[in-house]
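In our numbering, the protein residues as written are 55 to 413.
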């Protein structure tokens, strides 16, 4: 269950309306909420992962997706298409897939992983509900085991329920591991390796399994997709850049880049900040800020050719470096001064050295 008390905010002056109610009302009116919507209501949410997870769980349980509307629409369409394809296969591998998996090399990590998850049949909604019930019984048994005075036979029964609940949870996760691949492949090339994206997505899938409430009528794959996406996008925000960009800003930058690419094709040139702001329906100042955040630092040791004989630093002017001619002139002047000083008495030489810093 979601702890709404954790999310209550005293910043709203409307009587009887909490931050939670406000966010839910906004989500129902729009059909979705963005990261900016969440942060406007809960400014500290991004620094408090527990609170952020509670907010996501609350919104997901209410059937309100989180993200930018264009991305959500694309993901929903792709998810529906994938579910239709999977339902037609009825969870069985085709002959072509079986041949592919049998040909996977032993050192192909991704291929071996795909082979492993491909062997677990997909679940029907009824099977998902049954697994969720077993998980619920396992959690109940864990609470009962904390009580004192249990006889050995009763303890053994409860321990069996706990193990059965864990097995059901593992089955639910493994049967939906394909979802992680489906989401992670959309974020390839964002600065995090595909294997790391899969790993982070699996963490999101585990969270979804722990928070899934079958009584709300949601299909687990739909519910889990949001959690997987949240875990992947957060990993990209944390790991892909030398200078971390907040999660909500990362989503906005992705949207900016998509719009910029579209406008470049339409205009035949790079769009300026005013054109981007108009297309995104945001102030020009914010568009310029997003363009600044979108820039990535480059390493001076980055190779500039395939042979890696030259690096970027070789082609950047060092404004603080002394010109070779000045170095030669300084050296010659030093030699001349030394010759002149040698003609003076030692005491006078010392006075001049200390007076003019010639030491």
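Quick reminder that beta carbons are idealized off the backbone N, C-alpha and C, glycines included.
These numbers come from a predicted model, not from an experiment.
Residue of the options minimising C-alpha distance to residue i
i: residue 224; options: 264, 212, 248 and 342; result: 264
i: residue 318; options: 330, 366 and 298; result: 330
i: residue 355; options: 365, 328, 347 and 90; result: 365
i: residue 284; options: 81, 410, 316 and 251; result: 251
i: residue 232; options: 396, 258, 334 and 296; result: 258
i: residue 176; options: 273, 113 and 293; result: 273
i: residue 165; options: 333, 93, 235 and 312; result: 235
i: residue 293; options: 219, 217, 350 and 74; result: 350
i: residue 188; options: 219, 361, 162 and 80; result: 219
i: residue 120; options: 167, 81, 108 and 357; result: 81
i: residue 171; options: 199, 256 and 295; result: 256
i: residue 239; options: 395, 363, 79 and 168; result: 168
i: residue 344; options: 72, 399, 312 and 371; result: 312
i: residue 105; options: 180, 73 and 205; result: 73
i: residue 194; options: 209, 323 and 403; result: 209
i: residue 83; options: 280, 108 and 118; result: 118
i: residue 192; options: 205, 216 and 200; result: 216
Exposure of residue i, with buried meaning 16 or more beta-carbon neighbours within 10 Å
i: residue 275; result: buried
i: residue 286; result: buried
i: residue 146; result: Confidence in residue 146 is poor, its pLDDT being 45 and thus under 50, which makes the residue's placement too unreliable to answer from.
i: residue 359; result: exposed
i: residue 337; result: exposed
i: residue 85; result: exposed
i: residue 314; result: buried
i: residue 305; result: buried
i: residue 405; result: exposed
i: residue 270; result: exposed
i: residue 110; result: buried
i: residue 297; result: exposed
i: residue 222; result: buried
i: residue 382; result: exposed
i: residue 390; result: exposed
i: residue 178; result: exposed
i: residue 324; result: exposed
i: residue 180; result: exposed
i: residue 399; result: exposed
i: residue 254; result: buried
i: residue 207; result: exposed
Between the CA atoms of residue j and residue i - distance to the nearest angstrom
i: residue 379; j: residue 387; result: 12 angstroms
i: residue 261; j: residue 278; result: 8 angstroms
i: residue 243; j: residue 249; result: 12 angstroms
i: residue 310; j: residue 291; result: 16 angstroms
i: residue 203; j: residue 282; result: 41 angstroms
i: residue 186; j: residue 226; result: 8 angstroms
i: residue 412; j: residue 376; result: 20 angstroms
i: residue 393; j: residue 374; result: 31 angstroms
i: residue 333; j: residue 91; result: 20 angstroms
i: residue 369; j: residue 385; result: 27 angstroms
i: residue 339; j: residue 363; result: 41 angstroms
i: residue 367; j: residue 320; result: 36 angstroms
i: residue 89; j: residue 212; result: 42 angstroms
i: residue 75; j: residue 115; result: 14 angstroms
i: residue 408; j: residue 371; result: 36 angstroms
Proximity test, Cβ basis, 9 angstroms: residue i and chain D
i: residue 231; result: Protein chains in the displayed structure number just one, and chain D is not present.
Beta-carbon separation (whole angstroms), residue i vs residue j, contact threshold 8 angstroms
i: residue 307; j: residue 347; result: 6 angstroms
i: residue 353; j: residue 341; result: No, residue 353 and residue 341 are not in contact; Cβ-Cβ is about 28 angstroms, not under 8 angstroms.
i: residue 229; j: residue 174; result: 5 angstroms
i: residue 289; j: residue 246; result: 6 angstroms
i: residue 77; j: residue 95; result: 5 angstroms
i: residue 183; j: residue 268; result: 5 angstroms
Extent of the continuous alpha helix (DSSP H) run through residue i
i: residue 264; result: 248–265
i: residue 167; result: 163–172
i: residue 410; result: 400–410
i: residue 214; result: 206–229
i: residue 299; result: From DSSP, residue 299 is part of no alpha helix (DSSP H); its letter is neither H nor E.
i: residue 192; result: 179–199
i: residue 352; result: Looking at the DSSP string, residue 352 is not in any alpha helix (DSSP H), and its letter there is neither H nor E.
i: residue 378; result: 378–395
i: residue 76; result: 73–84
i: residue 331; result: 327–334
i: residue 92; result: 89–95
Check: residue i C-beta below 8 angstroms from any heavy atom of the ligand GTP
i: residue 215; result: Absence of the ligand GTP from the depicted structure is noted, as is the absence of any ligand whatsoever, leaving it without description.
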